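Numbering (the numbering used here), first residue to last: -6 to 115. Cβ coordinates follow ideal geometry from the N, Cα and C atoms, glycine included. Bear in mind that the values here come from a model prediction, so they are computed numbers and not experimental data. Following: one structure in structure tokens, then a few remarks.
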């Protein structure tokens, strides 16, 4: 009898993609709540399509704080930033995108460091 054990990172990849999708959904929500549609000069009311929290500095502070977490290299493992494992931010939309090849390589070569970057070492 022969037993073959192989490593599969499919579940980790699915979880990471789910996390990126959730983050991007949060960005969409922020954008909806803070969107601004210009109105004609002299109009008495703002456009009804404007977001409910337009101009709310708390929302922008939250967004800035979340984005800052991605820029800070807090991990002590081999990977210090999300970009190193294939997760980058679109400069225009602020949404995250995944380089599947880079993520697969990072998971295949150093799963523990990917885990440490994403969830910490505790």
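For a test of the three-state rule: what should DSSP assign to residue i, helix, strand or coil?
i, result
"residue 89", "strand"
"residue 106", "helix"
"residue 49", "coil"
"residue 58", "helix"
"residue 77", "helix"
"residue 69", "coil"
Check whether the Cβ atoms of residue i and residue j sit closer than 8 Å, and answer yes or no.
i, j, result
"residue 88", "residue 20", "yes"
"residue 75", "residue 52", "no"
"residue 22", "residue 96", "no"
Kindly indicate the opening and closing residues of the beta strand (DSSP E) around residue i.
i, result
"residue 81", "80 to 82"
For residue i, is the classification buried or exposed, using 16 other Cβ atoms within 10 angstroms of its Cβ as the cut-off for buried?
i, result
"residue 84", "exposed"
"residue 48", "exposed"
"residue 117", "Here the chain has residues from -6 to 115 only, and residue 117 is not among them."
"residue 107", "buried"
"residue 79", "buried"
Could you check where the alpha helix (DSSP H) with residue i kicks off and where it finishes?
i, result
"residue 13", "3 to 27"
Rounded to a whole number of angstroms, what is the C-alpha to C-alpha distance between residue i and residue j?
i, j, result
"residue 0", "residue 100", "10 Å"
"residue 2", "residue 90", "19 Å"
"residue 111", "residue 103", "13 Å"
"residue 14", "residue 8", "10 Å"
"residue 56", "residue 11", "19 Å"
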